[in-house]
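The structure under discussion appears below in the form of structure tokens.
In mature numbering (1 follows the signal peptide of the UniProt record, and there is no 0), the protein residues as written are -32 to -1, 1 to 658.
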């Protein structure tokens, strides 16, 4: 008979063995349910992935050699799939070298591969197309030639858009002129999938700082449908830098050839943690079709270069209103659930619901009970201690205004500090900024935690006669510098200087039932396109709803407008304006639009540092009414000065630092206001229209 000690040792060893086996099985099961990026080897870039008939097809450049296509039954299995050469570049000629970014698309029962190539001289890059013989994406292709718009200039990164009525359009990145420099996005009609049938139309050009880091570039346009709306995701800034990022163009009315029908927002996807230089995406779905997935390339290193790029994938969301949320770029060290429908994949669990509400991408999940009728409304039905939280919105915006109309319903008896409000930004429990209404103590309260450090509470008294049964607007404006402005019913209540935390908007309550309506998130904070022309231009840094900086030198007016127009013919537009630096053209200047109706109807007021004058210009009915100059001798232009235009009907009166300088009559109507610069870097602060 064995000794008791020996029996205990044997039993303990068997238990340890069973526990180890269970742990290994659990780890194996977990491993089978997840994957880690990248999904394609390092040095891979510019992915184009199409899911069709149970398979994923991936087209890639083979450098100067040609184009290859991989085929896999799973998205995460593409790395081990065989690359089949479907086209070999000629040894010489216009498209024999530098084969870039092939785009695989299935159109009208045939595969098409759009790609850029040159003769070895980058300036000669043009777009070309291959057409398949069958529905086999790895089969034979016919070279269909160049896609040639009426204005035939440098072109890369092209893709086709097919509308529901079958009409075709081609969108690509190109130079405005014949020399290397800025890249814009152009679109043109197509008569078939391999023929452009009209002139190119400019629909986007770099206009904001996030589009011009290292170089002013809009490239890699990728069509996507957003709840019926036509849209384009594009890449911006230098592709070799850590700042490469994604922007969004959304078409408002189905007219793809009208520049004013495209609205730009961004960045919608950017560097995060150790994921650098995100760009040039492609969109697909999980094998069972229940999830949306983005594949994109990103850099492993923060230093400039292309050699460390690889293709990564992650789930993204489109809500019922067509709002796109790509989330945050995930580190290669993070295991992600496999796409739903892949072997071993866990049951699909969406972070966000069909209306875009849910948990935070990097922090807390949704908590409490909420009624969620649509993408702009929510009602908290929970009482009790602890913060009840709900999140929405893209976490990549560098500046943003978060707003909601809030109405108190009921207060519980559990919490010492019952309250309700909004998050201006929420990354995680260590990084957020919030604004509350506190009925018990009758105050507006703000609270922030930055980098894990509690920045404390600040309280403001509520206005006399404040009604708790009425809805009130809460608004938080976050600037690039980390300044936060807190508003109640349009009136500024508090200003706090904190770090700029990139995160989601949120709703939050404690022991309070409350209704939230008209929930909005505006990354442009009211700045943007003119309503009639549809193309802001120049390189502007939006710091807040009141502060912008014009950065771009060079001839030509660089303009940015306020989206909302004055509702009467009598108003004042003013801003403090300060010269940062001027270029070398004859008339560098910066100023305000007193009125912008369209290119043939406007009134502007300028500060001209080179000739030391206040200059005004007007054009009405297409007739140039000329310039009028007033001396500003002795004025220091590198100091901020208040420039003001007062409009009363057809009379525009201009003031500098409160002193009237000019008055002129211009017959204009239906105006927008804005800022403008030519060959000058200038800072505009405290811009307002009243």
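Ideal placement from N, C-alpha and C gives every residue a C-beta, glycine not left out.
Predicted model only: the values in this text are computed from it and were never measured.
Distance check for residue j and residue i, CA to CA, integer angstroms please.
i	j	result
residue 121	residue 151	11 Å
residue 119	residue 61	21 Å
residue 69	residue 614	52 Å
residue 418	residue 558	37 Å
residue -7	residue 314	For residue -7, the predicted model reports a pLDDT of 43, less than 50, meaning its position is unreliable; a value from the coordinates is still stated below. Spanning the two alpha carbons is a distance of roughly 13 Å.
residue 380	residue 478	9 Å
residue 631	residue 596	10 Å
residue 42	residue 24	6 Å
residue 171	residue 435	47 Å
residue 251	residue 192	8 Å
residue 491	residue 365	6 Å
residue 371	residue 488	5 Å
residue 245	residue 293	18 Å
residue 602	residue 523	26 Å
residue 190	residue 127	7 Å
residue 280	residue 386	44 Å
residue 658	residue 612	11 Å
residue 374	residue 562	35 Å
residue 99	residue 420	56 Å
residue 8	residue 44	8 Å
residue 184	residue 130	28 Å
residue 407	residue 454	18 Å
residue 214	residue 181	13 Å
residue 179	residue 4	29 Å
residue 19	residue 516	43 Å
Indicate the three-state DSSP secondary structure (helix, strand or coil) for residue i in the structure shown.
i	result
residue 208	coil
residue 379	strand
residue 496	strand
residue 579	coil
residue 472	strand
residue 59	coil
residue 247	strand
residue 527	strand
residue 45	helix
residue 518	strand
residue 156	strand
residue 363	coil
residue 259	coil
residue 645	strand
residue 370	strand
residue 91	helix
residue 84	strand
When burial is assigned at 16 or more other CB atoms within 10 Å of the CB, is residue i buried or exposed?
i	result
residue 659	This structure cannot speak to residue 659, because the chain is shown only from -32 to 658.
residue 260	buried
residue 241	exposed
residue 640	buried
residue 271	exposed
residue 341	exposed
residue 584	buried
residue 667	Lying before the first or after the last residue shown, residue 667 is absent from the chain, which here runs from -32 to 658.
residue 48	exposed
residue 628	exposed
residue 422	exposed
residue 269	exposed
Checking 7 Å against the spacing of the C-beta atoms, do residue i and residue j come in under that value?
i	j	result
residue 312	residue 1	yes
residue 441	residue 467	no
residue 216	residue 236	yes
residue 531	residue 518	no
residue 598	residue 547	no
residue 451	residue 428	no
residue 63	residue 71	no
residue 112	residue 162	yes
residue 480	residue 404	no
residue 369	residue 565	no
residue 334	residue 324	no
residue 37	residue 30	no
residue 671	residue 94	In the structure displayed, the chain extends from -32 to 658; residue 671 sits before or after that span and is not available.
If residue i sits next to residue j, beta carbons under 8 Å apart, how far is it from one beta carbon to the other, in whole angstroms?
i	j	result
residue 202	residue 222	The pair is not a contact, with the Cβ atoms about 19 Å apart (cut-off 8 Å).
residue 582	residue 573	7 Å
residue 173	residue 528	Between residue 528 and residue 173 the Cβ distance is about 13 Å, and since that is not below 8 Å, they are no contact.
residue 88	residue 55	Contact doesn't hold; Cβ gap of about 18 Å is too wide.
residue 332	residue 338	Actually they are not in contact, since the Cβ atoms of residue 332 and residue 338 sit about 14 Å apart, beyond 8 Å.
residue 277	residue 11	7 Å
residue 646	residue 556	6 Å
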